[in-house]
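Residue numbering for the sequence shown is 2 to 229, as defined by our numbering. Worksheet: the structure to be examined is printed underneath.
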Amino acid sequence: MSLYVIGDTHLSLGCSKPMDVFGGRWENYVEKLLAGFSTVRAEDTTVLCGDLSWGMTLEEAREDFLFLHRLPGRKIILKGNHDYWWTTASRMRRFFAENGIDSMEILNNNCCLYGETALCGSRGWFYEEARGDAHDKKIMARELQRLELSLKAAGEREKLVFLHYPPKLRSYECTELLDLLCAYGVRRCWYGHLHGAGRTQAFEGEARGIRFRLVSADHLCFIPLKIL
């Protein structure tokens, strides 16, 4: 049994917004994802760090979820900034059940377990400007609350954290998120969101006792990263 992570699959099998138009690593990315998951086994778990589908609703995202469901293993999903289909956990679980999608679990205000290890996370947030406006601050407060609920749910277990937004870039730190991770003794964190030239701003390494790693799909060449 192994644990993998990858983010930002940006599927559009039920709508017309393929990432192939960006060229480069995104050419034939659906086929690359299929190949990348070929080493994942039925007993393995993969955390998907948001931006899963371009569908605007659950119905529009159906084919993308069915594609992900057919990939091997258990999947744990969290929200990205482009997951417009995201709704309440109860509605998503009902939609999955109605469509025979039994390989997905939702990471939202909770934690999921991988053996005795707690998988925690939230979408996260960062300020585009130095201080952020009132809207930014409201979203940040909400994301901090969601992440803390996830960390509290883990109890005394070892906590691995998965976010969509990077809590730290080469030239920026989200001190609120970093302080929360430190307060709960987190030592490893994975995030997505950054693509193309934006990947050059990624921070990968150790800061404040936490190791960070970018796992957006194009950054990983569409091959899930084994972490345990």
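Note that beta-carbon positions come from the ideal geometry of N, C-alpha and C, so glycine has one too. Since this is a predicted model, take the numbers as computed values, not measurements.
For residue 187, no beta strand (DSSP E) run applies, since DSSP gives it neither H nor E. Membership of residue 216 in any beta strand (DSSP E) is not indicated, and neither H nor E is assigned to it by DSSP.
Within the segment 30-89, the complete beta strand (DSSP E) segments of 3 residues or longer fall at 46-49, 75-78, listed in chain order. Nearest Cα to residue 35 within the set 59, 73, 11: 73.
Beta-bridge annotation (DSSP): residue 12 is paired with 54. When Cβ pairs closer than 8 Å are counted between the two stretches, the segment 195-211 is seen not to touch the segment 79-90, the count staying below three.
Beta bridge pairing from DSSP links residue 164 with 123. Taking all protein chains in view, the Cβ of residue 136 is surrounded by fewer than 16 other Cβ atoms within 10 Å, so the residue is classified as exposed. The criterion of a C-beta distance shorter than 8 Å is satisfied by residue 51 and residue 79. Among the bridge pairs identified by DSSP, residue 170 is matched with 173, 203.
About 6 Å separates the beta carbon of residue 221 from that of residue 7, a gap short enough to meet the 8 Å contact definition.
Under the three-pair Cβ rule at 8 Å, the segment 111-131 does not count as touching the segment 91-98. When the Cα atoms are used, residue 189 and residue 28 turn out to be separated by approximately 31 Å.
With at least 16 other beta carbons inside 10 angstroms of its own, residue 144 counts as buried. For residue 224, same chain residues with a beta-carbon under 7 Å away, outside a window of 5 residues either side, are 37 in chain order. When secondary structure is reduced to three states using DSSP, residue 20 falls in the helix class.
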